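Numbering (the working numbering), first residue to last: 29 to 393. The C-beta atom is built at its ideal place from N, Cα and C for all residues, glycine as well. On a predicted model such as this, the values are computed, not experimentally measured, just so you know. Reviewing the structure listed below.
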């Protein structure tokens, strides 16, 4: 605490804004983020910007490209799953890459890596999910978004991205990262729903199957996988032209990974239902733009969808059970539906068998 009663963090933010030319700006909170980051709109005269506040001490540090599996496991969640944690150079670097591809990531007005602060262009409030709720065409927005995503995936995958003097590595979304996410299901869901049980032998079979599926995904050709590409992280910018009509947010955790992950995340949204007709249009459009074979890509889509659904169900169960956030219960039925749809693929018959034993409601529902 400083002598004026302000925290050291408050003082750091004020200094950052002052040095960025925004000293004395009015600040207003801009909603919650699921991570340790927070956002504010800042106002100075007729100008508006967005402040990203990502305190470096709030999360475990990410691991670099030279860290082996043992080191990553010891480092904690961010090391195992290849998350950028509070490193704003990751956000700035990936944003610079997207802009270089002709896409609408917010301009960066100023940033400080050591302090975990970033001042951004304000792209407005046109979140896809809200726009569609208010009458915008789901098909128009989703087709525009899949065009932008295909453009990212068709571009060469960078080994690193740059943010001024900083270089941020684009690491592979490997087997350890994939299995760590899926493991949240047996770790947390039985504590939420007593019908779900994993005996020792069943857990071992689950681990072996998830490891095999994750090895398959990790061995696929790699694109710049944006990781959290969905309707809550996209902004509709109709005044712009072409691919720039889609504003992209929350891309700091981008990795080199399978294209199918991003498509599954986009179509199998945890927070809203994508109409089947639009989902099929989006899937077909992506295949047309990228040249993937439908049958093999459908297999990879379903494998990625199943691994991701296990991860998300585990995350939501943990949020409800451990963190006392019951609002996440509303998303669980939808995510179970995504899991069941993915398990219909014959490539997942082994995982389906195990899960129907551990979670009988999967077979009964």
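Between residue 262 and residue 171, the alpha-carbon positions lie close to 12 angstroms from each other.
With a beta-carbon spacing of about 13 angstroms, residue 90 and residue 144 fall beyond the 8 angstroms limit used to define contacts.
Closest option to residue 274, judged by alpha-carbon separation, among 116, 241, 127, 99: 127.
Residue 366 is positioned such that its CB atom lies closer than 8 angstroms to that of residue 337. Within its own chain, the residues whose Cβ lies closer than 6 angstroms to the Cβ of residue 293, once the five positions on either side in sequence are excluded, are 257, 258, listed in chain order. Only buried fits residue 132, as 16 or more other CB atoms lie within 10 angstroms of its CB. Leaving aside the five residues that flank residue 354 on each side, the residues in its chain whose CB is nearer than 8 angstroms to its CB run, in chain order, 348. Comparing alpha carbon positions, the residue from 38, 341, 387 closest to residue 361 is 341.
The region 228–236 makes no contact with the region 160–168; the number of CB pairs closer than 8 angstroms stays below 3.
Taking C-alpha positions only, residue 289 is separated from residue 55 by approximately 36 angstroms.
Residue pairing from DSSP places residue 155 in a beta bridge opposite 263. At the C-beta level, residue 379 and residue 390 stay beyond 8 angstroms of one another. Unbroken alpha helix (DSSP H) stretches of 4 residues or longer found wholly inside the region 302–326: 304–318, given in chain order. The alpha-carbon of residue 52 is positioned some 11 angstroms away from that of residue 44. Annotation for residue 197: the continuous beta strand (DSSP E) segment containing it runs 194–197.
In this structure, the straight-line span from the alpha carbon of residue 82 to that of residue 49 is close to 20 angstroms. Partner residues in the beta bridge of residue 250, as assigned by DSSP, are 286. At the C-beta level, residue 335 and residue 234 stay beyond 8 angstroms of one another. Rounded to whole angstroms, residue 285 and residue 196 show a C-alpha spacing of 16 angstroms.
Only residues of its own chain outside the window of five on either side were considered, and among them 203 have a CB closer than 7 angstroms to the CB of residue 243, listed in chain order. The three-state reading of DSSP puts residue 54 in strand, counting E and B together. Residue 140 is bridged by DSSP to 145. Taking residue 138 as reference, the option from 46, 357, 236 with the minimal CA-CA separation is 46.
Residue burial is scored here from C-beta neighbours: residue 117 has at least 16 other C-beta atoms within 10 angstroms and is therefore classed as buried. Counting every other CB atom within 10 Å of its CB across the protein chains shown gives residue 247 a total below 16, marking it as exposed. By the Cβ criterion, the region 64–82 is in contact with the region 145–161, since at least three pairs of Cβ atoms, one from each stretch, lie closer than 8 angstroms. With distances taken between CA atoms, residue 226 lies nearest to 386 out of 333, 386, 36, 59. In summary, residue 303 is exposed, with fewer than 16 beta-carbon neighbours lying within 10 Å of its beta-carbon over all protein chains present.
By the beta-carbon neighbour count (other beta carbons within 10 angstroms, threshold 16), residue 105 is exposed. According to DSSP, residue pairing for residue 200 in a beta bridge involves 284. Per DSSP, reduced to three states, the secondary structure at residue 69 is strand.
Within the same chain, Cβ atoms closer than 7 angstroms to the Cβ of residue 86 are found at 64, 114, the five residues on either side in sequence being excluded. Unbroken beta strand (DSSP E) stretches of 3 residues or longer found wholly inside the region 100–140: 136–140, given in chain order. Residue 376 and residue 194 have their C-alpha atoms spaced approximately 42 angstroms apart.
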